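Chemist: In my numbering, the protein residues as written are 4 to 528.
Would you mind keeping the following structure in view while I ask a few things?
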Ligand SMILES: [Zn+2]
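Have a look at this one:
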């Protein structure tokens, strides 16, 4: 992944029945950090996100609110989902809505091709359906209800009763793809990651796949089946196709060839759709399967998965209004091992903001800029002969750049940040030991003082380049204070330590201002 090659990354498209919570924002930020890193590395990067707007659940929500489903979707996209991207500084290249014409027309094209190739037939289906999941459930996916649903079988994810549905539907011959999928998982162990998600999916497919009901006749909010307009396409079948319809499938062959296949970042609860149904659909259509499906863990609040329906939903701007978007991005990428479940707490967020961002990185940048201003009138001094501690800092810059890049290529975002933070910590220790304020008192130490501050300036510039994908706002301010050339987000990240800047520094406001305790004690929740 190092040669200007193509990097196409996606988030799931989000269901517009409700407003975003921090779980959605978490997925967006993870994909965004990866996209920004690859863009900054010079890879031909394309980052897609969007909204899923069809299906019975949307229809019911819209009807309950007295509007058409399209009006409902428009309202949510404009008032909630597009603003979310601004709130947390998402740098997506495209935003697809499943009600876009480019999507609907090419879903029909895809379906017609599968039909013509003999992969679709008519059949009867009876089963338990969860409207929350928009999915028929196997008995093993159901659990005993509690509270008001005592005595009923409920969806294990939504804790709500399922409905017994019987339909005459069109079916996709997914069962024919069990072996090809198992071969894919075996030949390409990275196809599904992390390992825990991969193991679960491999054993699911080993039990054998059944054919998939891909149309609905009981409601009409969806893409019409092209050869039988009394049916609409099953919402998941429709939604998954966004990854290719946005990339040009059916209308821009050149764009499609250069972008596809993609890396899909999804929550682990929907990894099965992306790593089983989706590649089977693509195989049937004779298209390449995705590059990778990565199922990240859940955000837990008070030990429960974050979701509005469980009343633990926290709106992203509750956090960004107090801490800023950079802190939001940093916290979730640093505090949670990407791929595993992680707990959110206001106390942990507040503590990391103070210790790592304000005191660790922000204060380091402020002190270095201030000392260059005070001792050298803002002119960055040249380095003289490097002593061992100076050389050690330069070696760390090179080492963490390579290590962080390697971590990003494994999607280990938390590891990449931890690597870069070694430089933050070493620079803070370096300044404490070298005591530039003491050196400044004796003119005989002038050259040594210059070497120390030159080393420190080089170090914080390298940090600006390396942290730009995670902290785009703070690193832009720091880059401006260093009079760096161009935008920090354009600096080649794989040679961050070779950054070029001006000869002087300018004033730097605090990157992570002090936050009053009363605002961080959780009362905002
Ligand atoms: Zn469900």
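In this text, a Cβ means the ideal position worked out from N, Cα and C, and glycines have one as well.
If you're wondering where the values come from, they're calculated on a predicted model, not measured in any experiment.
Beta-carbon separation of residue 175 and residue 217 under 8 Å?
Modeler: Against a cut-off of 8 Å, the Cβ pair of residue 217 and residue 175 comes out as a contact.
Chemist: Check whether the region 34-42 touches the region 467-486, taking contact to mean three or more Cβ pairs, one atom from each stretch, closer than 8 Å.
Modeler: Counting Cβ pairs under 8 Å, three or more are found: they touch.
Chemist: So, does the region 227-243 touch the region 157-165, judging by three or more C-beta pairs under 8 Å?
Modeler: In short, these stretches do not touch, since the Cβ pair count stays below three.
Chemist: Does the count of Cβ pairs from the region 10-29 and the region 315-325 closer than 8 Å reach three?
Modeler: Touching, yes.
Chemist: Assuming contact is defined by CB atoms lying nearer than 8 Å, are residue 433 and residue 392 in contact in what I supplied?
Modeler: A contact, by the Cβ cut-off of 8 Å.
Chemist: For the alpha helix (DSSP H) holding residue 423, just list the boundary residues, first then last.
Modeler: From DSSP, the alpha helix (DSSP H) with residue 423 extends over 416-437.
Chemist: Curious, which full-length beta strand (DSSP E) runs of at least 3 residues does the region 85-141 contain?
Modeler: If we require 3 residues or more, the beta strand (DSSP E) runs fully inside the region 85-141 come out as 97-100, 123-133 and 138-140.
Chemist: For the candidate residues 443, 504 and 115, whose alpha-carbon lies nearest to that of residue 383?
Modeler: Ranking 443, 504 and 115 by Cα distance to residue 383 puts 504 first.
Chemist: Nearest CA to the CA of residue 104: which residue from 147, 249 and 52?
Modeler: Nearest C-alpha to residue 104: 249.
Chemist: Reducing DSSP to helix, strand and coil, say where residue 295 ends up.
Modeler: It is a strand residue.
Chemist: So is the beta-carbon of residue 135 under 7 Å away from any non-hydrogen atom of ligand 3?
Modeler: For the structure depicted, ligand 3 is absent and the ligand set comprises only ligand 1.
Chemist: Please state if the CB of residue 168 and the CB of residue 124 are separated by a distance shorter than 8 Å.
Modeler: Contact flag unset, no.
Chemist: Can you tell me which residues form a DSSP beta bridge with residue 13?
Modeler: Partner(s): 51 and 267.
Chemist: Looking at ligand 1, does it come within less than 7 Å of residue 61, judged from the CB to the closest heavy atom?
Modeler: No - ligand 1 has no heavy atom lying nearer than 7 Å to the Cβ of residue 61.
Chemist: List the whole-angstrom C-beta distance separating residue 323 from residue 90, where the pair is believed to meet the contact cut-off of C-beta under 8 Å.
Modeler: Their Cβ separation, rounded to whole angstroms, is 5 Å, which keeps residue 323 and residue 90 in contact under 8 Å.
Chemist: Please name the residue, chosen from 331, 56 and 127, that lies closest to residue 18 on a Cα-to-Cα basis.
Modeler: Per the Cα distances, 56.
Chemist: Quick one: measure Cβ to Cβ for residue 458 and residue 386, integer angstroms, because I've assumed they're closer than 8 Å.
Modeler: About 6 Å separates the two Cβ atoms, so the contact holds.
Chemist: If we count Cβ pairs, one from each stretch, closer than 8 Å, do we get three or more for the region 358-366 versus the region 418-429?
Modeler: Touching, yes, given that three or more Cβ pairs across the two stretches are closer than 8 Å.
Chemist: Relative to the alpha-carbon of residue 270, which residue among 231, 254, 196 and 261 has its alpha-carbon at the smallest distance?
Modeler: Of 231, 254, 196 and 261, the residue nearest in Cα terms is 196.
Chemist: Compute the minimum distance between the beta carbon of residue 160 and the heavy atoms of ligand 1, and state whether it is under 7 Å.
Modeler: At least one heavy atom of ligand 1 is nearer than 7 Å to the Cβ of residue 160, so yes.
Chemist: Thinking C-alpha only, which one of 208, 279, 394 and 416 is nearest residue 342?
Modeler: Nearest C-alpha to residue 342: 416.
Chemist: If you draw a straight line from the alpha carbon of residue 59 to that of residue 137, how long is it in whole angstroms?
Modeler: Approximately 8 Å between the Cα atoms of the pair.
Chemist: Mind pulling the beta strand (DSSP E) runs of 3 or more residues that sit fully within the region 427-500?
Modeler: For the region 427-500, not a single whole beta strand (DSSP E) run of length 3 or above is found.
Chemist: Applying the 10 Å Cβ sphere with the 16-neighbour rule, what's the burial state of residue 531?
Modeler: No answer is possible for residue 531: it lies beyond the span of the chain, which begins at 4 and ends at 528.
Chemist: Determine the direct distance from the alpha carbon of residue 259 to that of residue 345, and round the result to whole angstroms.
Modeler: Spanning the two alpha carbons is a distance of roughly 36 Å.
Chemist: Would you identify the three-state DSSP class for residue 524, choosing helix, strand or coil?
Modeler: Model confidence at residue 524 stands at a pLDDT of 46, short of 50, so the residue's coordinates are unreliable and nothing is read from them.
Chemist: Note down, in chain order, each residue of its chain lying with its Cβ closer than 6 Å to the Cβ of residue 50, except the 5 sequence neighbours on either side.
Modeler: These residues qualify, in order along the chain: 12, 38, 95 and 96.
Chemist: DSSP three-state call for residue 155: helix, strand or coil?
Modeler: Residue 155: coil per DSSP, three-state reduction.
Chemist: Output the distance between the C-alpha atoms of residue 71 and residue 225, rounded to the nearest integer angstrom.
Modeler: Straight-line Cα distance between these residues: approximately 13 Å.
Chemist: Mind checking whether residue 75 and residue 83 have CB atoms under 8 Å apart?
Modeler: Going by C-beta atoms, residue 75 is not nearer than 8 Å to residue 83.
Chemist: Quickly, what does DSSP pair residue 218 with across the bridge? List them, please.
Modeler: DSSP output for residue 218 lists 236 as bridge partner(s).
Chemist: Which of the three DSSP states, helix, strand or coil, is assigned to residue 245?
Modeler: Residue state, collapsed to three classes: helix.
Chemist: Report all residues from its chain with a CB closer than 6 Å to the CB of residue 155; omit the five preceding and five following residues, and keep chain order.
Modeler: Same-chain partners within the cutoff: 148 and 164.
Chemist: Who are the near neighbours of residue 336 in its chain, counting only those whose CB is closer than 8 Å to its CB and skipping five residues on each side?
Modeler: If we look at residue 336 and ignore the five residues flanking it on each side, its Cβ neighbours are 32, 33, 36, 416, 417, 420 and 473.
Chemist: Classify residue 287 as buried or exposed, calling it buried when 16 or more other Cβ atoms lie within 10 Å of its own Cβ.
Modeler: When all chains shown are included, residue 287 counts as buried.
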